[in-house]
Every structure is written in C-alpha cells, then in structure tokens.
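Here's the structure we're looking at; comments come further down.
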Amino acid sequence: MNEEQRKQANQIKQVDPTDIKSDADSNLERIQHIDSDELIGKYFQATYEPPNLKKAKKRKREDVKVHYDFSIPEEMKSIGKDKKFLIRTYGCQMNAHDTEVMAGLLTDMGYESTDDTNEADVILLNTCAIRENAENKVFGEIGHLKPLKLEKPDLIVGVCGCMSQEESVVNKILKKHPFIDMIFGTHNIHRLPSLLKEAMFSKAMVMEVWSKEGDIIENLPKVRKGKIKGWVNIMYGCDKFCTYCIVPYTRGKERSRMPEDIIQEVRQLAAAGYKEITLLGQNVNAYGKDLDMKYGLGDLMEEISKIDIPRVRFTTSHPRDFDDRLIEVLSKGGNLLDHIHLPVQSGSSEVLRVMARRYTREEYLKLVDKIRKAMPNTTLTTDIIVGFPNESDEQFEETMTLMEEVGFESAYTYIYSPREGTPSAKWEDNIPMEVKKERLQRLNALVNKQSAEAMQKYEGQTVKVLVEGESKKNPDVLSGYTERNKMVNFKAPKSVIGKIIDVKITKAKTWSLDGELVKEAVEVN
Ligand code: SAH
Ligand code: SF4
Ligand code: F3S
C-alpha cells in the first residue's frame, strides 16, 4: 500500500454531518440543524474504528516512516495575518509539547498568540483522556465556548489531543456540540494547516482522526513556552497496555525517533541557550526497541551527556524496561540529573498483576536497590492509583508500606477512573467512592509527610537553582528548581533569571524551599 492509499484507508475524511452545504450563514444553521443520531451512527460505522484491545495488541512491527519534508502549504502561509490563536492544554508533558508544535504551525501561518478567548480567531482544546475528570473539564469548556461561537460565527473552535481518539467523545461532540468546527487526532497534528483551511472554507465540521498510527514527522515548527527549559520527544506511543490505561489507544504504538534527529534538536536547544531539557515519552525506557539498532535509552543519554547543556531529565520511566546500561550511564552524573520518576502504581504484587504492570513489589524494590547502589543520592518520585477494582484494604496497606520503604520524596496520586475501551473498564468498579477517597487522603498525608521530611534535609545547605522567573505568588520573589527538582523561592535581582546560581536554603516547607542568594554563578557543564 502506498502512502496515499494508507492515508485514505485510515483517515476520517472531512465530513459534513449535516449535509447543509452552503446556505447563507450556514455556520449558524449548522448549530441548529445537526442532531441526527442516524447520520452520526452511519457515519461512524463507515469510518471510525473505536479502541479495540485485541486489534491493538496485534500491532505488528510495521515500518515506521520518518518524514523530513514537512512544509506549510504555500496558500496557508499568511492565512493568519492579523489574526490570533489560543490553545488550551489539558494533558501531560507530551500533550503540552504538542501544543508547542501547534503554536509553531499557527505562528508560521501568520497567527499571533493570545490569552483572551474574546480576541481569538482560532481556539484549540488540546485534550487529555487519562481520567474522567480530565474529560469533564474539556466538556465544561466546550459549553462555555458555545455563546462565543454564536456571537462570532467566524471563530474556529477545534478539539484535538487524546480525547479526539475516542469514539464516545467524538460521538458526544457531534451530537451535543455540533458548533465545534474541527476535530483532529494525535496523529494528525501536522495536518493542522490543511484542516484549518477546510474548516474556514467549508461550512461543515472538519474531522480527521487516523486510527492507524505509525509515522514520525520531523522538522515541525515549534514555539516553545519559555527559553530556559525545553521538551524533546524521543519516542511516541506506548505498547505496555496496562489494563486501566487509555494511552496505548490514544497515542498508538511505540515509535522511536532516530538518535541523530534527537541529538540535533538537543544541540539546537543548547545553542539557543536553553539550560535544561526533558526527554519525553510515555515509556522512555523502551526507547530504541523498535529501531532494530541495539541502541537504547542508555546509549542515547550517553551521547546527550556530552552535549553542552547543563541539565538533562527524562520522563516517564517504566520499571520493567529500566536496564543496567541506563543505570550505568546515569550513575556517571554530569548533566544527567539524579532524579528519577518511576511510577509504581501499587505496592501489591497481586494488584500489579491485574494492572498488567509486569513486575512485582519485590522486583520493583530490587530495581530501587540497584538504582540506589549506583546513585546513592537519587531522588525517587512516583505515580500511584488507589481504588483499582477489587483492591482490598490489605492491598492498599501494601501501597502505604511501599511508599515508606522506598522513601519516595513525592508522588502523583490518583483515584482509579475506568476508561471505556480498556480491559479494566469491563470489570466492576467495586470500591465505593468513600473508600477510594479515604485511601487517597491517607496516602496523600503520607506523601506530604515524606515530601516535608525530604525538604527538611536541605535546611542550611547550598543548592544549585536554575532560576525560571518571578514566583507565581509574589513578583518580588524569584523561583527555580534544584537538580533534584525541588522548588526554591528566594530574593535576587532579575538578572539571574535563566541562570544556574547557588542558593542557601533558609526554610523548608512541605512542597518548596525558601532560600537566599549566595552567588551569581552560571554553572557550565
Ligand atoms: N506512562 C506513564 C504514565 C502515563 S499516565 C507510566 O506508565 O507510568 C500518568 C499516570 O496516570 C499513570 O502513571 C497512572 O498513575 C495514572 N493513570 C493512568 N490511567 C489511569 C486511570 N484509568 N485511572 C486513574 N489513574 C490513571
Ligand atoms: Fe499507560 Fe504508562 Fe502503562 Fe503505557 S506504561 S499503558 S502509558 S500507564
Ligand atoms: Fe492525557 Fe494523552 Fe497525556 S491521555 S496524560 S494527554 S498521553
């Protein structure tokens, strides 16, 4: 199948769910007329493939095509002149980085960015599907935007990101919010210029969600948020299929970027004066597995450690793929920071088994031990889910004891949220909400205690802080992060913003440190 045929087979084309073509002011008519269950049903049967575990798990090692020839179509290059865009970001760092790519595309089309919805000509909601509350927020915002769209029919409102990859969401938008102008998936971001053109000139809802993933598009423009810290994608997708998780369906299979493309991007960021980069992937430890090059994250990090950029982080690590080579490279330090975010999800081997995490409590502890031996000062942080189907009180207690045993310095904690299309959504969500909330509260109290204790150790110490800017709460105070990712607030001249400086810690709080400037020294790698 050639490229064009592949695209045709897998994409949802621009559709006109209303079949209202070009009546006068049909933008408004469309809002009033589309509500046909029958049409939507027919349309989806024909073109949309909902998440399907069996099928997704049969993913073959198809060739991943890397495209280096991206450019904005000529006719779209100045379409945004004197116009503004606003992108709302709801998801993880990968989602936020996608926002930077879309901002890059829109900027190259002549648009300017704005924070004011009333000023915007294009509004994109870059959504997240990880938990129900993430989706509820988006539907809330869609509701808020409707009056604005009625007032300004030329406004283009688009929904993209992980929710657009879900059939139920797309159905709901078609049925309940037909004023939305475009929906596009996570594999269609580079198509934004063409989709926008369609949305502007056709009166129909434009939709493009490729259910089949596979390609990597290089050389997309980016407008990064800030000039101090930058994100660099090293891989896309996830093949782990934890039973609760929607990501392998919304982001597709694991695809690694070529090492030289990543290294080139890191070099460019270093040359542009960035002080810190974070290598991104849903499961960065699987980096390289699909490349058939015997080249993994350890090898990549080793090469990146030679680049003149002071700080390198990476997220997110899956314990299963955290290999000895990576530990060896990380233990050499340099610009590779000794903070590892290593989501454990549960402290019970039985819960881990049904989550399909593919490690036991004991194996996780062994890995932690190995990491600590190689890097005694490493900070470990984690993610935990409480209230997974059938999680007993005893199993939850195992999570509490693991939290203490590892000594995590911080954790993102979540109440289990069933996601349609995932295996666990078919199991009874049988832990009552009060029990889930109580478990979360107890766990959070422990997380706070351990975070505060970790902070306490810094009192009186001098730490290196990468200064990011004014504190959000007080513009007279500057704020930045230590190598181990602790937030520090201190008074200093604004000239130190963007520099790595020595700060003496005067007071530890639960989630941050207060300090005073010692000296304005820029640390070179
Ligand atoms: N790839 C990363 C995490 C991605 S999602 C990893 O494997 O660790 C971020 C976190 O959201 C997960 O670590 C998990 O703790 C949480 N999460 C994912 N699906 C969830 C669900 N259905 N309900 C509650 N929390 C969930
Ligand atoms: Fe989701 Fe992470 Fe598991 Fe992948 S490894 S399925 S992203 S929790
Ligand atoms: Fe959310 Fe998608 Fe990230 S579901 S957490 S935005 S990969």
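Residue numbers -16 to 508, in the numbering used here, belong to the letters of the sequence shown in order. Beta carbons are placed, not taken as given, at the ideal position from N, Cα and C, and that holds for glycine.
Residue i to residue j, Cα distance in whole Å?
| i | j | result |
| --- | --- | --- |
| LEU11 | ASP164 | Residue confidence is low: LEU11 scores 30 on pLDDT, short of 50, so the model does not pin down where it sits. No coordinate-derived value is stated. |
| PHE167 | ASP198 | 16 Å |
| GLU57 | LYS66 | 18 Å |
| VAL369 | ASN116 | 15 Å |
| LEU280 | ASN268 | 6 Å |
| LEU320 | SER329 | 26 Å |
| LYS208 | PRO359 | 33 Å |
| LEU274 | ARG303 | 19 Å |
| SER288 | PRO415 | 48 Å |
| THR384 | THR364 | 15 Å |
| ASN266 | LEU133 | 42 Å |
| HIS160 | GLY126 | 8 Å |
| MET77 | ALA437 | 28 Å |
| ILE70 | VAL389 | 39 Å |
| LYS477 | GLY463 | 12 Å |
| CYS75 | CYS111 | 8 Å |
| ASP8 | MET146 | Low confidence applies here, because ASP8 scores a pLDDT of 30, under 50, leaving its location unreliable; read the following figure in that light. When rounded, the distance between both Cα atoms is 29 Å. |
| SER300 | CYS221 | 12 Å |
| MET470 | THR396 | 19 Å |
| GLU243 | GLU286 | 10 Å |
| ALA435 | GLU83 | 34 Å |
| ASN431 | LYS409 | 34 Å |
| PHE162 | LEU175 | 19 Å |
| PHE297 | ILE354 | 15 Å |
| ALA255 | GLY213 | 11 Å |
| GLY443 | GLU346 | 36 Å |
| TYR557 | GLU453 | Residue 557 is absent from the model: the chain starts at -16 and stops at 508. |
| ALA253 | ASP412 | 48 Å |
| VAL312 | VAL152 | 43 Å |
| ASN171 | GLY498 | 45 Å |
| CYS228 | LYS474 | 43 Å |
| LYS502 | ASP485 | 6 Å |
State yes or no: is the C-beta of residue i within less than 7 Å of the C-beta of residue j?
| i | j | result |
| --- | --- | --- |
| LEU449 | GLU259 | yes |
| LEU496 | ILE488 | yes |
| GLY141 | LEU107 | yes |
| LYS135 | GLY93 | no |
| VAL189 | LEU178 | yes |
| THR72 | ASN109 | yes |
| ILE480 | PRO293 | no |
| THR226 | ALA339 | yes |
| ARG422 | PHE371 | no |
| GLY87 | LYS205 | yes |
| PHE68 | VAL121 | no |
| LYS180 | MET59 | yes |
| ILE55 | ASP91 | yes |
| MET386 | LEU348 | no |
Residues in its own chain within less than 7 Å of residue i by CB, not counting five upstream and five downstream?
| i | result |
| --- | --- |
| ARG250 | ILE290 |
| TYR270 | ILE217, MET218, SER239, GLY264, GLY279, LEU280 and LEU283 |
| MET241 | VAL49 |
| LYS492 | MET438 |
| GLN28 | Note that GLN28 scores a pLDDT of 32, beneath 50, so its modelled location is shaky and nothing firm can be said. |
| PHE391 | LEU363, THR364, THR365 and GLN433 |
| HIS173 | PHE53, ILE200 and LEU203 |
Once you ignore the five residues that flank residue i on each side, which residues in its own chain have a CB closer than 8 Å to its CB?
| i | result |
| --- | --- |
| LYS420 | ILE398 |
| GLU124 | ARG71 and LEU108 |
| GLU466 | ARG294, LEU320, ASP321, HIS322, VAL446 and LYS447 |
| GLU201 | VAL49, HIS50, TYR51, PHE53, ARG240 and ASP244 |
| ALA103 | LYS67, PHE68, LEU69, THR97 and LEU138 |
From the beta carbon of residue i, is the nearest beta carbon of chain C less than 7 Å away?
| i | result |
| --- | --- |
| ASP104 | Reference to chain C is not applicable here, since this structure consists of a single protein chain. |
Among residues of its own chain, excluding the 5 on either side of residue i, which ones have a beta-carbon nearer than 6 Å to its beta-carbon?
| i | result |
| --- | --- |
| ALA357 | ILE310 and SER314 |
| ALA182 | ILE139, ASP164, MET165 and VAL189 |
| GLU95 | LYS67 |
| LEU262 | VAL215, ILE217 and PHE297 |
| LEU128 | VAL140 |
| ALA79 | THR72 |
Exercise for the section: Starting from the N-terminal side, write out each stretch of the beta strand (DSSP E) that is 3 residues or longer and does not extend beyond the stretch 144 to 189. Expected result: 165 to 167
Problem - the stretch 332 to 341 / the stretch 372 to 380 touching (three or more Cβ pairs under 8 Å) - result: yes
Problem - Secondary structure, alpha helix (DSSP H): runs of 4+ residues fully inside the stretch 70 to 137 - result: 76 to 91 and 115 to 134
Exercise for the section: Could you name each continuous alpha helix (DSSP H) segment of 4 residues or more that falls completely within the stretch 315 to 384, going from the start of the chain to the end? Expected result: The stretch 315 to 384 contains these whole alpha helix (DSSP H) runs: 332 to 337 and 344 to 357.
Handout entry: Minimum length 3: unbroken beta strand (DSSP E) runs contained in the stretch 248 to 293
Key = 259 to 263
Practice task
Give, in chain order, every unbroken run of the alpha helix (DSSP H) that is at least 4 residues long and sits entirely within the stretch 478 to 507.
Solution key: none
Exercise for the section: Could you tell me which uninterrupted beta strand (DSSP E) segments, each at least 3 residues in length, are contained entirely in the stretch 437 to 475, listed from first to last along the chain? Expected result: Listed in chain order, the complete beta strand (DSSP E) runs (minimum 3 residues) inside the stretch 437 to 475 are 445 to 453, 461 to 464 and 470 to 474.
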